[in-house]
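Asks: Starting off with a structure, shown below.
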Amino acid sequence: MSGSLPVVIDKGSATHRVLIALGCVVLAVALWFAPTQLPGFRLDQVTLALIFALAIMGLNLLTGFTGQISLGHSAFFGLGAYTSGVLIDSHDWGYARTFPISIGLCFVVGVVSGLPALRIKGLYLALVTLSIAVVFPTILRRYDSITGGSSGLNVSRRAIRPPDWSNISSDDSEIWNYWLVVGVGAICFLLVRNLLRTRTGRAIIAVRDNEVAAATVGVNAAVFKTIVYGLSAALAGLAGSLYCIQTRALSPQSFELTLAIQLLTGMVLGGVATLAGPIIGGFMVVFVPYYVSDAAQRLERPQLSNVIFGVLLIVFMFVAPGGLVGLWRKLTAKLLRIVPVARRREPPTALDGTAAAVGRT
Amino acid sequence: MELFLQRTFDGLNNGSVYALVALALVVVYRGTGHLNFAQGEMALMSTYVAWVFADKGFPVVIAIAIAMTFAFLLGAGVERALVRPIAKQSELAVVIVALGLFTALNALTQVFWDPTLTRAFPTPFPNDGSKPLDQRDDFVTIGGAHVFYRQIGVILALAALVVLLWAVFQKTRFGLAMRAVAINSESARLAGIKVSRTLMASWGLSGALGALAGCLIAPSVLLTPQMMFGILIYASAAATLGGFDSPVGAVVGGLIVGLVESLASGYIGWVGSDLKLLTAVIVILAVLLVRPNGLFGSAKVERV
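Sequences listed follow chains A and B, in order. Number 82 in our numbering belongs to position 82 of the first sequence; there are no gaps in the numbering. Positions in the second sequence are counted from 1; adding 1000 to them yields our numbering.
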């Protein structure tokens, strides 16, 4: 080993585990103290960021890990939001009961709209999903007897109050919303993380990297793509339901193509095909426009934040296609390297020889 | 019958604009194999440029010519600075960069020109728009249907442009180079064609086509930052229907999409004027599922 940097530690060694535990503790402390330490409006922003993170996670599963581009996730997000909104507002449902409905509905719609994706690839898929994103708000406006049309849909504050067992008063509903989103988000995060480690996860990544090669080793690309399409839509729909509860006001303008592009931007800025990327992306989707529009208001040019978003998207594609997570990894790789134990031992030459021979045939 | 004719003419009028934008998409697709999602917003910004000059008192035709020049430079610049370097990464990367451009250009237009003001865009054709219908003298009556000169003008402009483009593609060295690059860029390079310059020029040409389309549609819808969203979808439907690599297909597809839109919203009750855009989406889906290469497109063979 020459030089002291990067520090090399074994994967699974005590040091490694301590580092992981330390990270978890920092995260837990941050999550625990956020509701009490942050002012209300800031907490609302964090909650919103986590909601977008959930939607971006769904998009990332489809676009990042399965390689199927979607510009239509604003539609699934909106479908979930309106499903919850309509059920709560017009049918007096408890909001928790609407989650399974909007997950199920978005899953089914996702699968159905994913079916054409089996034949339609690349650019054409981008085109189809783009047109879905553009049409979705016009459908909301058309069926205004259900959705409230252009004037939107408002969910009463009373319908969304913390349950009695939570000991949170209904004046502090933003704290309850925060914990609700953190809880739902954490469950989804673990589910996605675990999914990617299973056969299914390996299969969808194989489909992304080389569909023909994946098919030759027995991966049924059609089945996996369809399922992932459904799952991805379901996650976006669930995020939409949470959005409905958080903002309590829905209108067609919130679910236009701009939203789909924002989600995509969040994914790219955070880091495509990474687990942490969508979370960072969610925060950027909320906070970048917030701080930019602060400056933009002073210049009396509120649209400036979208200019910056567009430019950021292009700049990231050029200089950091791996997003912020990619940059972080590059940076830390210079300081700290975690290697699997087997690779640091002396290579067992005989075994390597066989492996090479097998590889050649 | 009268109503049917009226709707047919309206459809052809809109269809001509879709055909122009579809042509722009096709010119780019043939050259570089990309779908330029920012096409509509490039056209939007160029249309605002035209409006500035028209507003300053320049004749409309001159203003449009300036806008088309601006759009040519914009298109060529985008190809050189953004698309070419990123195309090495992946198809997805180009799509994302185009979307970044889409967002940035749309917002930039709103930064330059206050979106809350409504702007009437002057038409280059005879028009008495401000007068009541019985005093107007800017239309002909065909079978009881009013066909305005500006509508005829748009259709004629498309026809003239198609002839011009045909001549450029078939009769000039530049057209030959473009066709060669579209068929096989490697061989074209070996034959001494400057491929990169040709590609820049085709992006420029496509930008100019889009700008013209924007200037022709702007008089009938007000000039707003949202103007091109729908048109991009209709034009994509047109290009899909005609086949993404066929200029003839783009024109035919544009006219058909315009007709379908106008007739469907006129005769099918639940479509009405609200769900017009849905007809374009249905066209896109139906074509891609049933005949992915469109009416005039060439089949793509992939080698594994």
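By construction, the Cβ of each residue, glycine as well, lies at the ideal position given by its N, Cα and C atoms.
Any idea which residues DSSP pairs V339 (chain A) with across the strands?
Replies: Sequence index remark: in the first sequence, residue 339 (chain A) carries index 339 (1-based). The partner list for V339 (chain A) (beta bridge, DSSP) reads A:D10.
Asks: Quick one: which chain B residues come within Cβ less than 9 Å of S102 (chain A)?
Replies: By 1-based counting over the first sequence, the position of residue 102 (chain A) is 102. By Cβ distance, chain B contributes nothing, its closest Cβ being about 23 Å from S102 (chain A), past 9 Å.
Asks: If you compare alpha carbons, which of B:L1005, B:A1038, B:L1023, B:D1010 is closest to G310 (chain A)?
Replies: Counted from its first residue, the first sequence places residue 310 (chain A) at position 310. Looking at the Cα atoms, B:A1038 is the closest of the given residues.
Asks: Could you tell me which uninterrupted beta strand (DSSP E) segments, each at least 3 residues in length, are contained entirely in the region 1116 to 1183 of chain B, listed from first to last along the chain?
Replies: As far as the region 1116 to 1183 of chain B is concerned, its whole beta strand (DSSP E) runs of at least 3 residues are 1139 to 1142, 1145 to 1148.
Asks: With distances taken Cα to Cα, identify the nearest neighbour of F76 (chain A) among A:H91, A:F65, A:I56.
Replies: As a working note, residue 76 (chain A) is residue 76 in the first sequence. Residue A:I56 holds the alpha-carbon nearest to the alpha-carbon of F76 (chain A) among A:H91, A:F65, A:I56.
Asks: Is any beta-carbon of chain B found at less than 9 Å from that of R301 (chain A)?
Replies: What you label residue 301 (chain A) is simply residue 301 of the first sequence in a count that begins at 1. For R301 (chain A), the answer is yes, since a Cβ of chain B falls inside 9 Å of its Cβ.
Asks: Does the region 1030 to 1050 of chain B come into contact with the region 1264 to 1281 of chain B, if we say contact requires no fewer than three beta-carbon pairs (one atom in each stretch) closer than 8 Å?
Replies: Segments in contact, no.
Asks: Could you pull the start and end residues of the alpha helix (DSSP H) that V86 (chain A) belongs to?
Replies: Sequence index remark: in the first sequence, residue 86 (chain A) carries index 86 (1-based). Run containing V86 (chain A): 73 to 91, per the alpha helix (DSSP H) assignment.
Asks: Interface residues of chain A around S1236 (chain B) at Cβ under 9 Å?
Replies: Counting from one through the second sequence, the residue named residue 1236 (chain B) turns up at place 236. Within chain A, the residues placing a beta-carbon under 9 Å from that of S1236 (chain B) are L127, L130, S131, ordered along the chain.
Asks: Please work out which residues of its chain come closer than 6 Å, Cβ to Cβ, to A1299 (chain B), disregarding the five sequence neighbours upstream and downstream, and give them in chain order.
Replies: Within the second sequence, numbered from 1, the residue matching residue 1299 (chain B) stands at position 299. N1293.
Asks: Kindly indicate which three-state DSSP category L115 (chain A) falls into: helix, strand or coil?
Replies: Along the first sequence, read from residue 1 onward, the residue named residue 115 (chain A) stands at position 115. L115 (chain A) falls in the helix class under three-state DSSP.
Asks: Could you pull the DSSP bridge partners for N154 (chain A) from this structure?
Replies: In the first sequence, residue 154 (chain A) corresponds to position 154, counting from 1. BP columns for N154 (chain A) point to A:A249.
Asks: Taking a cut of 8 Å between CB atoms, which residues from the region 1019 to 1047 of chain B lie near chain A?
Replies: So the close ones are H1034, L1035, F1037.
Asks: So, using beta-carbon positions, are L1199 (chain B) and T1032 (chain B) closer together than 9 Å?
Replies: By one-based count along the second sequence, residue 1199 (chain B) stands at place 199. By one-based count along the second sequence, residue 1032 (chain B) stands at place 32. A contact, by the Cβ cut-off of 9 Å.
Asks: Of all Cβ atoms in chain B, is any one closer than 9 Å to the Cβ of Y124 (chain A)?
Replies: One-based indexing of the first sequence puts residue 124 (chain A) at position 124. Yes, contact with chain B.
Asks: Between D44 (chain A) and the rest of its own chain, which residues show a CB-CB distance below 6 Å, the 5 nearest in sequence each way excluded?
Replies: On the first sequence, position 44 is the one that residue 44 (chain A) refers to. The answer, listed in chain order, is E174.
Asks: Would S150 (chain A) be called buried (16 or more neighbouring beta carbons within 10 Å of its own) or exposed?
Replies: Counting from one through the first sequence, the residue named residue 150 (chain A) turns up at place 150. Exposed, by the Cβ-count rule.
Asks: Taking CB distances under 9 Å as the criterion, tell me whether R161 (chain A) reaches chain B.
Replies: Position 161 of the first sequence, counted from the start, is the residue given in the question as residue 161 (chain A). Not an interface residue.
Asks: Checking contacts by CB at 9 Å: is T1224 (chain B) closer than that to chain A?
Replies: Taking the first residue of the second sequence as position 1, residue 1224 (chain B) is located at position 224. Closer than 9 Å: no.
Asks: Could you round the C-beta distance between W1270 (chain B) and V1028 (chain B) to whole angstroms and report it? I think they count as a contact, below 8 Å.
Replies: Indexing the second sequence from 1 puts residue 1270 (chain B) at position 270. Indexing the second sequence from 1 puts residue 1028 (chain B) at position 28. Contact flag wrong, Cβ pair sits at about 35 Å.
Asks: Quick check: the Cα distance between L235 (chain A) and V1168 (chain B), rounded to an integer number of angstroms?
Replies: If you number the first sequence from 1, residue 235 (chain A) lands on position 235. If you number the second sequence from 1, residue 1168 (chain B) lands on position 168. About 50 Å.
Asks: Answer yes or no: does any C-beta atom of chain B fall closer than 9 Å to that of R17 (chain A)?
Replies: The residue you call residue 17 (chain A) lines up with position 17 of the first sequence. No, R17 (chain A) does not count as interfacial toward chain B.
Asks: Can you tell me whether N167 (chain A) is buried or exposed? The criterion is at least 16 other CB atoms within 10 Å of its CB, across all chains shown.
Replies: Taking the first residue of the first sequence as 1, we reach residue 167 (chain A) at position 167. Classification of N167 (chain A): exposed, given that the 10 Å Cβ count is below 16.
Asks: Do three or more CB pairs link the region 1111 to 1126 of chain B to the region 1134 to 1152 of chain B at distances below 8 Å?
Replies: yes
Asks: Using DSSP bridges, identify the partner residues of L1223 (chain B).
Replies: Here residue 1223 (chain B) is taken as the residue at index 223 of the second sequence, counted from 1. According to DSSP, L1223 (chain B) bridges with B:R1119.
Asks: Under 9 Å between the Cβ atoms of L1012 (chain B) and G1258 (chain B)?
Replies: For the purposes of this step, residue 1012 (chain B) is taken as the residue at position 12 of the second sequence. For the purposes of this step, residue 1258 (chain B) is taken as the residue at position 258 of the second sequence. In contact: L1012 (chain B) and G1258 (chain B) (Cβ atoms closer than 9 Å).
Asks: Using the beta-carbon of each residue, which ones in chain A are nearer than 9 Å to V1281 (chain B)?
Replies: As a first step, residue 1281 (chain B) must be located in the second sequence, where it is residue number 281. Going along chain A in sequence order, the residues near V1281 (chain B) (Cβ under 9 Å) are V128, S131, I132, V134, V135.
Asks: Measure the alpha-carbon distance for T15 (chain A) versus I227 (chain A) and round it to whole angstroms.
Replies: Against the first sequence, residue 15 (chain A) aligns to sequence position 15. Against the first sequence, residue 227 (chain A) aligns to sequence position 227. Rounded to the nearest whole angstrom, the C-alpha separation of T15 (chain A) and I227 (chain A) is 39 Å.
Asks: With DSSP as the reference, label F1037 (chain B) as helix, strand or coil.
Replies: Stepping through the second sequence from its first residue, residue 1037 (chain B) is reached at position 37. When DSSP states are grouped into helix, strand and coil, F1037 (chain B) belongs to the coil group.
Asks: Hey, quick one: how far does the alpha helix (DSSP H) through M1200 (chain B) stretch, first residue to last?
Replies: The residue you call residue 1200 (chain B) lines up with position 200 of the second sequence. 1195 to 1217 is the extent of the alpha helix (DSSP H) around M1200 (chain B).
Asks: To be precise: take each residue of the region 314 to 325 of chain A, compare its Cβ to all Cβ atoms of chain B, and keep it if any distance is under 8 Å. Which residues remain?
Replies: I314, M317, F318, P321
Asks: Listing by chain order, which chain B residues have their CB less than 7 Å from the CB of I69 (chain A)?
Replies: Sequence index remark: in the first sequence, residue 69 (chain A) carries index 69 (1-based). What I69 (chain A) touches in chain B: L1092, V1095.
Asks: Are the C-beta of P116 (chain A) and some C-beta of chain B separated by less than 9 Å?
Replies: Here residue 116 (chain A) is taken as the residue at index 116 of the first sequence, counted from 1. Output row for P116 (chain A): interface = yes.
Asks: Three Cβ pairs or more, each shorter than 8 Å: is that satisfied between the region 324 to 343 of chain A and the region 258 to 277 of chain A?
Replies: Because the criterion of three Cβ pairs below 8 Å is met, the region 324 to 343 of chain A and the region 258 to 277 of chain A touch.
Asks: Please state whether DSSP places N194 (chain A) in a helix, a strand or coil.
Replies: Counting from one through the first sequence, the residue named residue 194 (chain A) turns up at place 194. Residue state for N194 (chain A) is assigned as helix, using DSSP reduced to three classes.
Asks: Could you name the residues of the same chain whose beta carbon sits closer than 7 Å to that of I103 (chain A), not counting the 5 residues immediately before and after it, in chain order?
Replies: Residue mapping note: residue 103 (chain A) aligns to position 103 of the first sequence, counting from 1. Here the set comprises A234, G237, L238.
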